[in-house]
Amino acid sequence: MANNPFQDVAIVATYNTQQARRLEGQDDLSLLSEVIQSLLEQSQLNAEDIDGINISSAVWDLKPREALSMLGGQDRWCGNEFMGIAAVIEAASAIITGQAETIMIACSQAGEYSHSGATAPWTRPSHEFSECFGLYTAAEFALCAQRHMAIYGTPASALAEVAATIRSNGHHHPQAQFYGKGLVSAEQVLASRMVCSPFHLLDCCITSEGAGGLIITTAERARDMDAQAVFIVGAGTDRQGMSYTRAPIWDQCGHVGQRAAKRAFKQAQLQPQDIDVCEFYDPFSFEIIRQFEAFGFCQPGEGADFISDGRIAIDGEFPVATNGGLLSFSHAGTLQMLQKVIVAYEQLSGKMPKPLQVKKANTAMATNGGSGALFCDVMLFANEAITS
Numbered sequence: 034m035a036n037n038p039f040q041d042v043a044i045v046a047t048y049n050t051q052q053a054r055r056l057e058g059q060d061d062l063s064l065l066s067e068v069i070q071s072l073l074e075q076s077q078l079n080a081e082d083i084d085g086i087n088i089s090s091a092v093w094d095l096k097p098r099e100a101l102s103m104l105g106g107q108d109r110w111c112g113n114e115f116m117g118i119a120a121v122i123e124a125a126s127a128i129i130t131g132q133a134e135t136i137m138i139a140c141s142q143a144g145e146y147s148h149s150g151a152t153a154p155w156t157r158p159s160h161e162f163s164e165c166f167g168l169y170t171a172a173e174f175a176l177c178a179q180r181h182m183a184i185y186g187t188p189a190s191a192l193a194e195v196a197a198t199i200r201s202n203g204h205h206h207p208q209a210q211f212y213g214k215g216l217v218s219a220e221q222v223l224a225s226r227m228v229c230s231p232f233h234l235l236d237c238c239i240t241s242e243g244a245g246g247l248i249i250t251t252a253e254r255a256r257d258m259d260a261q262a263v264f265i266v267g268a269g270t271d272r273q274g275m276s277y278t279r280a281p282i283w284d285q286c287g288h289v290g291q292r293a294a295k296r297a298f299k300q301a302q303l304q305p306q307d308i309d310v311c312e313f314y315d316p317f318s319f320e321i322i323r324q325f326e327a328f329g330f331c332q333p334g335e336g337a338d339f340i341s342d343g344r345i346a347i348d349g350e351f352p353v354a355t356n357g358g359l360l361s362f363s364h365a366g367t368l369q370m371l372q373k374v375i376v377a378y379e380q381l382s383g384k385m386p387k388p389l390q391v392k393k394a395n396t397a398m399a400t401n402g403g404s405g406a407l408f409c410d411v412m413l414f415a416n417e418a419i420t421s
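Under the numbering used here, the first residue of the sequence shown is numbered 34, with each subsequent residue one higher.
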């Protein structure tokens with residue numbers, strides 16, 4: 034068996050709607066309609082050419098099989114995996130095994146906010162006995178960050194440098210929620226109010242509305258299309274249990290994603306130093322430091338120094354979250370996980386806004402999840418297929 038099981042699969046089109054805290058006059062379905070139409074136009078495909086889908090929404094709670102009915106009920110492969118890298122792996126597996134040839138993945142969230150409503154913690158019956166004591170998402174991740182700081186002496190200034198870099202990227206992206214809001218400095222991050230030590234407000238992800246999607250197909254068909262193909266060259270997933278139901282113990286969850294990254298690098302026949310663009314999941318600033326260590330870019334405890342001196346900026350050695358990430362671009366339900374794949378494609382196909390385009394970008398790494406959530410998915414991409 035080839036090292037790269039995904040060698041016959043490529044992404045040929047991606048699309049994001051405008052992202053915002055609130056999209057007036059829009060709902061899940063109107064945004065999905067925009068995404069579907071735009072993906073078909075971009076790829077020059079007809080709806081009949083799409084023989085597989087994984088399309089869902091947050092507020093309407095649209096399921097993929099319901100989306101099938103809305104698309105006319107044509108026989109198609111239907112995915113059910115959680116949106117993001119896991120959904121792309123599922124779709125790629127369907128293509129590899131001949132269940133479908135061309136698959137569209139899309140999701141949306143809009144209409145979440147009302148004038149009378151308030152944002153609530155992500156509370157579900159499965160973790161009703163932890164949330165009631167004040168443990169919420171920021172606190173889950175903060176526990177991991179605090180432990181890392183206690184063990185290795187990681188300074189808050191390193192977290193602030195990560196946040197400032199990513200948020201400044203969002204300032205340059207026209208589709209970002211924080212587009213045009215101004216560059217952010219590490220000093221501004223540290224001066225923002227404390228949310229959950231060590232996280233200041235600007236260390237934390239935003240909440241958003243928006244939609245996005247992509248089309249994945251066989252490498253053979255991709256080469257026949259008038260489209261820029263980006264190839265999946267490796268992937269892996271790590272799970273440690275249900276998110277936000279078990280305490281995030283550093284000795285257990287601090288390395289989550291390490292196994293997935295090793296598998297992905299082996300499949301791609303690449304090393305960390307070969308990666309040109311790092312589209313790492315950034316729910317909180319510390320997660321970037323943790324991932325660089327877990328994935329082998331640097332040794333445990335070296336992450337704070339590793340990200341310093343502009344190394345993760347657009348013109349640095351390992352640019353991170355180049356569209357502004359969850360800190361500045363968007364965090365719309367589960368869409369943000371798929372957007373890590375979308376921005377990796379945009380970088381390697383040269384479609385990023387000019388100030389954010391990484392020069393000579395040939396490889397990219399996208400991730401989902403993190404230590405506090407007890408899972409981490411990894412996917413590697415390249416401009417050329419790796420066939421051995």
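For glycine and all other residues, C-beta sits at the position ideal for the given N, C-alpha and C.
Self-check item: Neighbourhood of A268 by C-beta distance below 6 angstroms, restricted to the same chain and skipping five residues each side
Solution: As a first step, residue 268 is located in the sequence shown; it is residue number 235 there, counting from the start. So the list reads I122, A297, M412, once near-sequence residues are dropped.
Practice problem: Indicate the three-state DSSP secondary structure (helix, strand or coil) for F325 in the structure shown. | Solution: Translated into the one-based positions of the sequence shown, residue 325 becomes position 292. Correct three-state label for F325: helix.
Quiz item: DSSP beta-bridge partners for D41?
Solution: As a working mapping, residue 41 is identified with position 8 in the sequence shown. Bridge partners of D41: none, in fact.
Exercise. Closer than 6 angstroms by C-beta to A191: which residues in its own chain qualify, once you throw out the five before and the five after it? Chain order, please.
Key: As a working note, residue 191 is residue 158 in the sequence shown. Beyond the five residues adjoining it in sequence on each side, A191 comes within less than 6 angstroms, by CB distance, of A337 in the same chain, given in chain order.
Quiz item: In the structure shown, what three-state DSSP assignment does T198 receive?
Solution: Position 165 of the sequence shown, counted from the first residue, corresponds to residue 198. T198: helix per DSSP, three-state reduction.
Quiz prompt | Integer Cβ distance of S76 from M116, believed to fall under 8 angstroms | solution = Start at 1 with the first residue of the sequence shown, and residue 76 comes out as number 43. Start at 1 with the first residue of the sequence shown, and residue 116 comes out as number 83. That pair is no contact at about 20 angstroms.
Quiz item: What separation, rounded to the nearest whole angstrom, lies between the Cα atoms of P97 and G290?
Solution: Looking up residue 97 in the sequence shown gives position 64. Looking up residue 290 in the sequence shown gives position 257. A direct Cα-Cα distance of roughly 28 angstroms separates P97 from G290.
Quiz item: How many whole angstroms separate the CB atoms of T130 and E379, which I take to be in contact at a CB cut-off of 8 angstroms?
Solution: Here residue 130 refers to the residue found at position 97 of the sequence shown. Here residue 379 refers to the residue found at position 346 of the sequence shown. That belief does not hold up - the Cβ atoms of T130 and E379 are roughly 28 angstroms apart, past 8 angstroms.
Quiz prompt | Residue-chain proximity (Q210, chain C), Cβ-Cβ < 7 angstroms | solution = Absent here is chain C; the protein component of the structure consists of one chain.
Self-check item: Extent of the continuous alpha helix (DSSP H) to which F339 belongs
Solution: Within the sequence shown, residue 339 is the residue found at index 306, counting from 1. Residues 336-339.
Quiz item: For A252, which option in E417, L62, N49 has the closest C-alpha, if you only look at C-alpha atoms?
Solution: Locating residue 252 in the sequence shown gives position 219, where the first residue counts as 1. Residue nearest to A252 within the set E417, L62, N49 is E417 (criterion: CA-CA distance).
Quiz item: On the premise that V68 lies in contact with A125, defined as a C-beta separation below 8 angstroms, what is that separation, rounded to the nearest angstrom?
Solution: By 1-based counting over the sequence shown, the position of residue 125 is 92. By 1-based counting over the sequence shown, the position of residue 68 is 35. So it is not a contact: roughly 20 angstroms between Cβ atoms.
Quiz item: Hey, how far is the Cα of C229 from the Cα of A175?
Solution: For the purposes of this step, residue 229 is taken as the residue at position 196 of the sequence shown. For the purposes of this step, residue 175 is taken as the residue at position 142 of the sequence shown. Their Cα atoms are separated by approximately 7 angstroms.
Quiz prompt | R272: first and last residue of the uninterrupted beta strand (DSSP E) it sits in | solution = Here residue 272 refers to the residue found at position 239 when the sequence shown is read from its first residue. 263-272 is the extent of the beta strand (DSSP E) around R272.
Quiz item: To which residues does DSSP link Y2 through a beta bridge?
Solution: Given a span of 34 to 421 for the chain in the structure shown, any question on residue 2 remains unanswerable.
Exercise. On the DSSP bridge assignment, give the partners of A397 in chain order.
Key: The residue you call residue 397 lines up with position 364 of the sequence shown. DSSP links A397 through a beta bridge to V310, F414.
Exercise. List the DSSP bridge partners of T251.
Key: Mapped onto the sequence shown, residue 251 falls at position 218. The partner list for T251 (beta bridge, DSSP) reads V42.
Quiz prompt | S66, buried or exposed, once every other Cβ within 10 Å from all chains shown has been counted against 16 | solution = The residue labelled residue 66 in the question sits at position 33 within the sequence shown. Counting the other CB atoms within 10 Å of its CB gives S66 a total below 16, which places it among the exposed residues.
Quiz item: Since A244 and L64 are thought to touch, with beta carbons under 8 angstroms apart, how far apart are those beta carbons, to the nearest angstrom?
Solution: The residue labelled residue 244 in the question sits at position 211 within the sequence shown. The residue labelled residue 64 in the question sits at position 31 within the sequence shown. Taking C-beta atoms under 8 angstroms as the contact rule, A244 and L64 qualify, at a distance of about 4 angstroms.
Quiz item: Is it true that the CB of D315 sits closer than 7 angstroms to the CB of I239?
Solution: Stepping through the sequence shown from its first residue, residue 239 is reached at position 206. Stepping through the sequence shown from its first residue, residue 315 is reached at position 282. Going by C-beta atoms, I239 is not nearer than 7 angstroms to D315.
Quiz item: Should the segment 359-370 be regarded as contacting the segment 337-350, the criterion being three or more beta carbon pairs within less than 8 angstroms?
Solution: Verdict: no, contact absent.
Self-check item: Whole-angstrom distance between A301 and P38, CA atom to CA atom
Solution: Mapped onto the sequence shown, residue 38 falls at position 5. Mapped onto the sequence shown, residue 301 falls at position 268. When rounded, the distance between both Cα atoms is 9 angstroms.
Practice problem: Report the three-state DSSP secondary structure of W93 (helix, strand or coil). | Solution: Here the question's residue 93 lines up with position 60 in the sequence shown. Coil at W93, not helix or strand.
Exercise. Determine the direct distance from the alpha carbon of A171 to that of F362, and round the result to whole angstroms.
Key: Your numbering for residue 362 matches position 329 in the sequence shown. Your numbering for residue 171 matches position 138 in the sequence shown. One C-alpha to the other measures close to 19 angstroms.
Exercise. On a CA-only basis, which of K295, Q59, Q132, D307 is nearest T250? Give me that one, please.
Key: Numbered from its first residue, the sequence shown carries residue 250 at position 217. The option with the nearest alpha carbon to T250 is Q132.
Practice problem: Might you give, ordered along the chain, the residues of its own chain that have their beta carbon closer than 6 angstroms to the beta carbon of G358, omitting 5 neighbours on each side? | Solution: The residue labelled residue 358 in the question sits at position 325 within the sequence shown. Excluding the 5 residues flanking it on each side, G358 has same chain C-beta neighbours closer than 6 angstroms at I199, D315, in chain order.
Practice problem: Per DSSP, which residues does T135 bridge with? Please list them. | Solution: Looking up residue 135 in the sequence shown gives position 102. DSSP output for T135 lists T250 as bridge partner(s).
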